[in-house]
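K.L.:
Take the sequence shown: its letter number 254 is residue 240 in this note's numbering, and every next letter is one higher. We put the beta carbon where it would ideally sit given N, CA and C, even for glycine. In this text the structure is predicted, and so the values were computed from the model without any measurement.
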Amino acid sequence: MLHPSYALFLGESLRDMGMDKSQISLKAGVFGAEPWSDEMRRKIEDLLGIKAYDIYGLSEVMGPGVAFECSEQTGMHVNEDHFYPEIIDPDTGEVLPEGEVGELVFTCITKEALPLIRYRTRDIASLTREKCSCGRTLIKMKKPSGRTDDMLIIRGVNVFPSQVEAVLLELGDTAPHYMLIVDRVDNLDTLEIQVEMKEEMEFDAVRLIEETEAKIKSAVASTLGISAKVTLLPPKSIARSEGKAVRVIDKRKI
């Protein structure tokens, strides 16, 4: 299993080395440990020429393998013979009906020594028992859209980094590496989105850079409902990590 953000880094490195994805023997990859969007999945599959599958787990429970994605790639099947999943309201703890979005909770059924009862994962997801065309009957969880503890509240609006990522990858005008800088100026929250330019963009192409920044700013405002400053940076200027990608710097003193 690999972090999806690092898979992107590997794919870009292969491309920069002049290697074609047909030269590698990989057919599929299993990725997890951090939120990632379907847009990022498509980017990974395009760079590496593979099928990218999602897997879900928690080190507190047993690590990877709590839930897994089948060939349909429409959600992860929870191993219900070992784990009982629920979705709750993160504020009240109330169990929510099937299909509603809330905080994912697990109860261990077979784990010994340290079983967990209604363990709150902090992951935001939903559950469904709609029949899967793969034939499995296990309940399915949607890809987590974020976490309750990495959710940013900016000027009263709930913002997940994965939402910004989805906007950037859908537009496709920049590289898929970004950083959110949150600050507070004169008691007002500010958001800056720093994102790398594509290799083929020239750093001195001022007009193109300004147009791209304006396009991203408009798309973010339309999707999130808040305004943000967008800054394009030179390629490879945002630090890479072999672990979970650091996406947010919150400078607010609240």
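Would you mind listing the alpha helix (DSSP H) stretches within the region 55 to 115 that are 4+ residues and don't spill past its ends, in chain order?
P.N.:
Those alpha helix (DSSP H) runs which fall completely within the region 55 to 115 and span 4+ residues do not exist here.
K.L.:
Using the three-state DSSP reduction, which class does E31 fall into: helix, strand or coil?
P.N.:
The answer is helix: DSSP assigns E31 an H, G or I state.
K.L.:
For the region 174 to 185 and the region 121 to 135, state whether three or more C-beta atom pairs, one from each stretch, are separated by less than 8 Å.
P.N.:
As far as the Cβ criterion goes, the region 174 to 185 does not touch the region 121 to 135, which means the pair count is below three.
K.L.:
Pull up the CB-CB distance for E151 and Y164, whole angstroms please, since I reckon it's below 8 Å.
P.N.:
So it is a contact: roughly 7 Å between Cβ atoms.
K.L.:
Can you tell which of K237, S148, K201 has its C-alpha closest to the C-alpha of K129?
P.N.:
Minimum Cα distance to K129 is reached at S148.
K.L.:
With a CB to CB cut of under 8 Å and the five nearest residues on each side skipped, what residues in its chain are close to R141?
P.N.:
Correct list, in chain order: L174, D175, I212.
K.L.:
What does the Cβ neighbour count give for V81, buried or exposed, with the cut at 16 atoms within 10 Å?
P.N.:
Exposed, because fewer than 16 other Cβ atoms sit within 10 Å of the Cβ of V81.
K.L.:
Quick one: residues in its chain with C-beta nearer than 8 Å to the C-beta of D2, no 5 flanking neighbours on either side, listed in chain order?
P.N.:
Here the set comprises E185.
K.L.:
If you run the structure through DSSP and keep just helix, strand and coil, what is G(-3)?
P.N.:
If DSSP states are grouped into helix, strand and coil, G(-3) belongs with the helices.
K.L.:
Would you check if the region 92 to 111 and the region 64 to 71 touch, i.e. whether three or more CB-CB distances between them fall below 8 Å?
P.N.:
Yes, the region 64 to 71 is in contact with the region 92 to 111.
K.L.:
Excluding sequence positions up to five away, which residues of its chain have a Cβ less than 6 Å from the Cβ of R133?
P.N.:
Same-chain partners within the cutoff: R108, D109.
K.L.:
Given this structure, state the Cα-to-Cα distance separating P220 from M187, to the nearest angstrom.
P.N.:
Spanning the two alpha carbons is a distance of roughly 9 Å.
K.L.:
Nearest CA to the CA of K37: which residue from M26, S45, V47?
P.N.:
The residue with the shortest Cα to Cα distance from K37 is M26.
K.L.:
Would you mind working out which of V192, E199, L100, A191 sits nearest E46, comparing C-alpha positions?
P.N.:
Closest by alpha carbon: L100.
K.L.:
Going by C-alpha to C-alpha distance, which of M62, V171, S11, A111 sits closest to K117?
P.N.:
For the residues M62, V171, S11, A111, the minimum Cα distance to K117 belongs to M62.
K.L.:
Determine the DSSP secondary structure at P50, reduced to helix, strand or coil.
P.N.:
Of the three classes helix, strand and coil, the one that applies to P50 here is strand, per DSSP.
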